[in-house]
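What follows is one structure encoded as structure tokens, with my remarks underneath.
In our numbering, the protein residues as written are -13 to 199.
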């Protein structure tokens, strides 16, 4: 499988708040608790998000999780990563809080897409770690951009958040986009021993705050 060595994922997209809109809204009962589900769209397919809202969030400081879609983890319960465990922990904590939001974003494989993520899995099976595999395919280690997430939170009336995340880059990007992160809340569910090497790579190469692995 030949791939051109192009560095992709470094170009930052501009997001126009005026073009962001809520296109659907409905009740969503779940095993974690009741939510309101909202569809949010921007200028293109990448600028879209599903928001699960619990309680009154406008003008509040809700507990917020910004979760990138992971088909293999969230849907198929893969143990190569901790994505499903983080998603379920976040929904449980948000449902137990006074107010909260989970933003679910189409950023599979830290922004490289599902097919490229599967190609990266193949390279990992040959001995590369998750960062090396992405870079071998010509991508940045993490291609995600959180400005659309920030714009979606602004649209929902949220300016200050308690952020469920282990990723300091996510905190910094939100702050630069006008969302004040008053607290970073660790998102550390119980995970499979299979994912330990993946988490260690995120800690050592990507700066994720993951102590005591």
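C-beta: ideal position from N, C-alpha, C; glycine also.
Bridge pairing for residue 107: absent [DSSP]. In this structure, the CA atom of residue 122 is about 32 Å from the CA atom of residue 76. Looking at the DSSP output, residue 19 shares a beta bridge with 16. By the beta-carbon neighbour count (other beta carbons within 10 angstroms, threshold 16), residue 30 is exposed.
The stretch 58 to 69 and the stretch 174 to 188 touch, with no fewer than 3 CB-CB distances between them shorter than 8 Å. Residue 87 has its alpha-carbon roughly 9 Å from the corresponding atom of residue 147. In the same chain as residue 189, and ignoring 5 residues on each side of it, the C-beta atoms closer than 6 Å to its own belong to 196, in chain order.
If you check the CB distance, residue 49 and residue 83 come in under 8 Å.
When C-beta atoms of the stretch 123 to 131 are compared with those of the stretch 8 to 21, fewer than three pairs fall below 8 Å, so the two segments do not count as touching. For residue 141, there is no enclosing beta strand (DSSP E); the enclosing alpha helix (DSSP H) covers residues 133 to 141.
Burial state of residue 43 is buried, judged by a 10 Å Cβ sphere holding 16 or more other Cβ atoms.
In this chain, residue 37 is not harboured by any alpha helix (DSSP H); it is covered by the beta strand (DSSP E) spanning 34 to 40. Looking at 120, 98 and 145, the one whose alpha-carbon comes closest to that of residue 187 is 120.
Residue 62 sits in coil when the DSSP states are folded into three classes, being neither helix nor strand. In the DSSP secondary-structure assignment, residue 10 is bridged to 25.
Our two residues, residue 7 and residue 25, have alpha carbons roughly 8 Å apart in a direct line. Just measuring C-alpha positions, the residue of 174, 144 and 91 sitting nearest residue 56 is 91. Look at residue 181 here: in three-state DSSP terms it is helix. Residue pairing by DSSP places residue 52 opposite 89 in a beta bridge.
Look at residue 144 here: in three-state DSSP terms it is coil, with no helix or strand label. Non-local C-beta neighbours of residue 141 in its own chain, meaning closer than 6 Å and more than five positions away in sequence, comprise 6, ordered along the chain.
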